[in-house]
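Here the protein sequences line up with chains W and Y, keeping their order. Okay, so the first sequence: first residue is 1 according to the working numbering, each after it adds one. Okay, so the second sequence: first residue is 1001 according to the working numbering, each after it adds one. Here's the structure we're looking at; comments come further down.
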Amino acid sequence: MNTEKTRFTFGDLMVRCGFATASEKTHTARQGDTQGGCGNPRPQTGASCSCSGGGACNGGGNPPGGSSLTAKPVTRRQAIGAMVGGALATTAFAASSLSPKTSDEEREKTLLKWQEYFKDNFRLMSDREKAETIQRLERLAYLDHATDVKIKATGAKPGVLFGYAFNISKCKGYRSCVDACIKENNLDRKSGMQYIRIFEMENGKMDIESGNAEYDHPVPAEGHFYMGTQCFQCANPPCVEVCPVGATWQEPDGIVVVDYDWCIGCRYCEAACPYWARRFNWSEPEVPAGEVNANQHYLGNRQRKKGVVEKCTFCVQRTREGRLPACAEACPTGARVFGNLLDPDSEIRYVLEHKQVFRLKEELGCEPKFWYFMD
Amino acid sequence: MNVIRLSILMIVVPGAVCLTACRKDTSGPTATADPPVSFEVDPAERNALKTTPHDPVVGFDHVQSKPFFVTRRTAKITQFPCAVCHETPLTAPAPAEVVNRGMHVDIDLHHADSATMSCATCHNYADLSGLRLLGGDIIPFDASYRLCSQCHFEQAQDWAGGAHGKRLAGWQGKRVVMNCADCHNPHAPALGSHWPVQKPEIP
Ligand code: SF4
Ligand code: SF4
Chain W
1 MNTEKTRFTF GDLMVRCGFA TASEKTHTAR QGDTQGGCGN PRPQTGASCS
51 CSGGGACNGG GNPPGGSSLT AKPVTRRQAI GAMVGGALAT TAFAASSLSP
101 KTSDEEREKT LLKWQEYFKD NFRLMSDREK AETIQRLERL AYLDHATDVK
151 IKATGAKPGV LFGYAFNISK CKGYRSCVDA CIKENNLDRK SGMQYIRIFE
201 MENGKMDIES GNAEYDHPVP AEGHFYMGTQ CFQCANPPCV EVCPVGATWQ
251 EPDGIVVVDY DWCIGCRYCE AACPYWARRF NWSEPEVPAG EVNANQHYLG
301 NRQRKKGVVE KCTFCVQRTR EGRLPACAEA CPTGARVFGN LLDPDSEIRY
351 VLEHKQVFRL KEELGCEPKF WYFMD
Chain Y
1001 MNVIRLSILM IVVPGAVCLT ACRKDTSGPT ATADPPVSFE VDPAERNALK
1051 TTPHDPVVGF DHVQSKPFFV TRRTAKITQF PCAVCHETPL TAPAPAEVVN
1101 RGMHVDIDLH HADSATMSCA TCHNYADLSG LRLLGGDIIP FDASYRLCSQ
1151 CHFEQAQDWA GGAHGKRLAG WQGKRVVMNC ADCHNPHAPA LGSHWPVQKP
1201 EIP
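Here it is as structure tokens:
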């Protein structure tokens, strides 16, 4: 990973803080690049960018409104360090002018939120920055929701590529997986968000559009079979391709993740996904305090917020520790097979090598790592 | 490649947004960021394996060359050992109506038709604490998967390979799978019908 710091000019910071005017917004680049991104302000003159791909280039195109401060590039963190005190004082002052009883907790919350606002894309963070943001998020979870959570940032392990198989002759439509997923991943209870859809399909029909995901009767129903969908962690994910800010990407173990603090909620990815896998938070997600799963991952089931997109991550908080995804564990019929595609002795490899498998909308070329099979 | 694309974009389209070019190349997974860490099974899962008694599976080397394990049945059978009641061997094959009475009121035989199988097809009448294979070998209840696999060989093969049944704890490490009778009632093996949970609200 490129550990070199992103350089941000003071002008950039002003724009992000909303202090700069539209005419000054010559550059609002947010980086999402682990492989040598360009932090350049876009040259106004049309001159070619001299970025060498090293990720540390500052370029020559200073914003016209930039002061002499811009001549000396500062790292994002340094700039935050310089600014946040003053900014916080202003905020705290504003808050206290409204309510004379601004508590210490509120001040702490404001400070933490400020620091959170200026952090980097997860892929650009150093280990120290990751530890710091996790500490802040855990504290904020406590202040905001009165829950003690443990957020991890466990990385992908070498030699692991996750794959999933779904037995359509075994699934009986009980939706136990859906239930387990909601609880494991702290899904918004208010809007009834669910990552998994189980489609009830008429025997002989393979067109999933004809399936009914809202069945409400004892299952299995005569003459029907059941087909589950969720995020398929495509190897060629169109959702990643369309994200304008690099807030979603594919990890080395094949899991497509979202940085909830980098997502701007444009929902391009939701539109690009051919499998209806992404969900948008129209309102502040709500999980009753007693039901929060405290075992969380930065890129997985940590508390989301209003206006960001989320989706199934094959339970990254569990699977990177060697456990099964909650859905696979909960399934009472054994219809769900999960494992490492790179391990020739794994169950998923057995399925791929010995059963008739197919994938949904294969012709689109997204290469989902989710196969359906029959007994 | 990225750099070249970036430069072209800058020259040809001065109004283009920098973001597109700055984004990572999405053609494949990102480079590995973390140093190799050995897999640690979650302590809770490890305990689950420790507290679930299991034995090595025998007879499936042709499907799965790597050793794997199966949960023990005897701890879960409520009226075991059978010899507590059955002090003497049974002599005549008992028809299903007889079995459905007394201590076995919960047993309702919906497996194969009576011409194909009776109680004696699986149970060892000489000592009811064991099961009897078709060839006459006596096996413990813990190895009941061997009994089932005599007829259901296709399912058993998939079970050994991993396409049928359920694995305990994680997807890696020691592979412990559930015994056939952990999910299927051997007297009525088909899974039943019931109400689903969590009806979705699809926008
Ligand atoms: S299923 Fe949809 S959200 Fe998941 S990786 Fe594929 S395109 Fe992206
Ligand atoms: S909504 Fe999707 S495409 Fe838009 S910023 Fe968030 S992750 Fe990226």
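Note that the Cβ used here is the ideal one computed from N, Cα and C, for glycine as well.
Checklist entry - Which residue's Cα is closest to the Cα of residue 329 of chain W: W/146, W/154, W/181 and W/110? => result Of the candidates W/146, W/154, W/181 and W/110, W/181 places its Cα closest to the Cα of residue 329 of chain W.
Checklist entry - residue 355 of chain W CB to nearest chain Y CB: under 9 Å? => result Yes, its Cβ sits closer than 9 Å to a Cβ of chain Y.
Item to check | Between the CA atoms of residue 220 of chain W and residue 1195 of chain Y - distance to the nearest angstrom | outcome: Computed Cα separation, rounded: 9 Å.
Checklist entry - For residue 1055 of chain Y, which residues does DSSP report across the bridge? => result Residue pairing from DSSP places residue 1055 of chain Y in a beta bridge opposite Y/1070.
Checklist entry - Heavy atom of ligand 2 less than 8 Å from the Cβ of residue 247 of chain W, yes or no? => result Taking non-hydrogen atoms of ligand 2 into account, the C-beta of residue 247 of chain W is found less than 8 Å away from one of them.
Next on the checklist: Quick check on residue 462 of chain W: buried or exposed, where buried means 16 or more other Cβ atoms within 10 Å of its Cβ?
Outcome noted: This structure cannot settle anything about residue 462 of chain W, because the visible part of chain W is limited to 1 through 375.
Next on the checklist: Can you give me the C-alpha to C-alpha distance between residue 158 of chain W and residue 254 of chain W, rounded to a whole angstrom?
Outcome noted: When rounded, the distance between both Cα atoms is 11 Å.
Item to check | Residues that residue 1149 of chain Y contacts on chain W, provided the C-beta gap is smaller than 7 Å | outcome: Per Cβ cutoff of 7 Å: no residues; residue 1149 of chain Y is ~15 Å from chain W at best.
Checklist entry - Can we count residue 1122 of chain Y as close to ligand 1, meaning its CB is less than 8 Å from some heavy atom? => result Short note on residue 1122 of chain Y: C-beta not closer than 8 Å to any heavy atom of ligand 1.
Next on the checklist: By the three-class DSSP mapping on this structure, what secondary structure does residue 358 of chain W have?
Outcome noted: The DSSP-derived three-state label of residue 358 of chain W is strand.
Checklist entry - Got a sec: is the Cβ-Cβ distance from residue 1202 of chain Y to anything in chain W below 9 Å? => result Judged by the 9 Å Cβ criterion, residue 1202 of chain Y is in contact with chain W.
Checklist entry - Could you name the residues, in chain order, whose CB is less than 7 Å away from a heavy atom belonging to ligand 1? => result If you measure from each CB to the nearest heavy atom of ligand 1, the residues under 7 Å come out as W/231, W/232, W/233, W/234, W/237, W/238, W/239, W/240, W/256, W/269, W/272, W/273, W/274, W/275, W/277, W/278, W/311, W/366 and W/368.
Item to check | Within chain W, the residues that residue 1144 of chain Y reaches when beta carbons sit closer than 9 Å | outcome: The contacting residues do not exist; residue 1144 of chain Y stays about 17 Å from chain W at best.
Item to check | 8 Å Cβ cut-off: residues of chain Y touching residue 179 of chain W | outcome: Here the neighbours are 1197 and 1198.
Next on the checklist: For a test of the three-state rule: what should DSSP assign to residue 373 of chain W, helix, strand or coil?
Outcome noted: In this structure, DSSP gives residue 373 of chain W an extended state, which the three-state scheme calls strand.
Next on the checklist: Just to confirm, is the Cβ distance from residue 163 of chain W to residue 373 of chain W under 9 Å?
Outcome noted: No, the pair does not count as a contact, with Cβ atoms beyond the cut-off.
Next on the checklist: Taking 8 Å as the cut-off, is the beta-carbon of residue 1148 of chain Y closer than that to any non-hydrogen atom of ligand 2?
Outcome noted: Residue 1148 of chain Y has its CB no nearer than 8 Å to any heavy atom of ligand 2.
Checklist entry - Quick one: does the C-beta of residue 168 of chain W sit closer than 8 Å to a heavy atom of ligand 2? => result Ligand 2 has no heavy atom closer than 8 Å to the beta-carbon of residue 168 of chain W.
Item to check | Nearest-angstrom Cβ-Cβ length linking residue 224 of chain W and residue 202 of chain W, presumed shorter than 8 Å | outcome: Residue 224 of chain W to residue 202 of chain W, Cβ: 6 Å. Contact.
Checklist entry - Where do the ends of the alpha helix (DSSP H) carrying residue 198 of chain W lie? => result Taken as a continuous stretch (DSSP letters only), residue 198 of chain W belongs to no alpha helix (DSSP H), being part of the beta strand (DSSP E) at 197-202.
Checklist entry - Buried or exposed: residue 279 of chain W, going by 16 or more other Cβ atoms within 10 Å of its Cβ? => result Taking every protein chain shown into account, the CB of residue 279 of chain W has 16 or more other CB atoms within 10 angstroms, so this residue is buried.
Next on the checklist: Taking CB distances under 9 Å as the criterion, tell me whether residue 1062 of chain Y reaches chain W.
Outcome noted: Cβ-Cβ to chain W under 9 Å: no for residue 1062 of chain Y.
Next on the checklist: Quick test of the definition: if touching needs 3 or more C-beta pairs under 8 Å, does the segment 284-300 of chain W touch the segment 184-195 of chain W?
Outcome noted: Yes, they touch.
Next on the checklist: Assuming contact is defined by CB atoms lying nearer than 9 Å, are residue 369 of chain W and residue 171 of chain W in contact in what I supplied?
Outcome noted: Result no, Cβ atoms of residue 369 of chain W and residue 171 of chain W do not sit closer than 9 Å.
Checklist entry - Beta carbon of residue 300 of chain W: closer than 8 Å to some heavy atom of ligand 2? => result Remark: the shortest separation between the CB of residue 300 of chain W and any heavy atom of ligand 2 does not fall under 8 Å.
Item to check | Residue burial classification, residue 252 of chain W (beta-carbon count within 10 angstroms, cutoff 16) | outcome: Around the beta-carbon of residue 252 of chain W, 16 or more other beta-carbon atoms lie within 10 Å, marking it buried.
Item to check | Min CB distance residue 272 of chain W to chain Y below 9 Å | outcome: Not closer than 9 Å to any Cβ of chain Y, the Cβ of residue 272 of chain W fails to qualify, so no.
Item to check | Closest Cα partner of residue 1075 of chain Y within the set Y/1146, Y/1129, Y/1151 and Y/1202 | outcome: Nearest of Y/1146, Y/1129, Y/1151 and Y/1202 to residue 1075 of chain Y, Cα basis: Y/1129.
Checklist entry - Straight-line CA distance for residue 24 of chain W to residue 113 of chain W? => result Model confidence at residue 24 of chain W stands at a pLDDT of 36, short of 50, so the residue's coordinates are unreliable and nothing is read from them.
Next on the checklist: Could you check whether the Cβ of residue 264 of chain W sits closer than 8 Å to any heavy atom belonging to ligand 2?
Outcome noted: Yes; taking the cut-off as 8 Å, the Cβ of residue 264 of chain W has a heavy atom of ligand 2 nearer than that.
Checklist entry - Alpha carbon to alpha carbon, what distance is there between residue 309 of chain W and residue 292 of chain W? => result So the alpha carbons of these two residues sit roughly 19 Å apart.
Next on the checklist: Does the CB of residue 1172 of chain Y have a neighbour CB from chain W at under 9 Å?
Outcome noted: At a cut-off of 9 Å between beta carbons, residue 1172 of chain Y contacts chain W.
Checklist entry - With C-beta atoms as the reference, is residue 195 of chain W less than 9 Å away from residue 333 of chain W? => result The Cβ atoms of residue 195 of chain W and residue 333 of chain W do not sit closer than 9 Å to each other.
Item to check | Nearest-angstrom beta carbon gap, residue 1179 of chain Y and residue 1063 of chain Y [assumed within contact, 8 Å] | outcome: Residue 1063 of chain Y to residue 1179 of chain Y, Cβ: 16 Å. No contact.
Checklist entry - Does the segment 148-158 of chain W come close enough to the segment 266-275 of chain W to have 3 or more Cβ pairs within less than 8 Å? => result In this structure the segment 148-158 of chain W does not touch the segment 266-275 of chain W; the number of beta carbon pairs closer than 8 Å is below three.
Checklist entry - What residue range is occupied by the uninterrupted beta strand (DSSP E) comprising residue 115 of chain W? => result Residue 115 of chain W -> not in any beta strand (DSSP E); alpha helix (DSSP H) instead, spanning 104-117.
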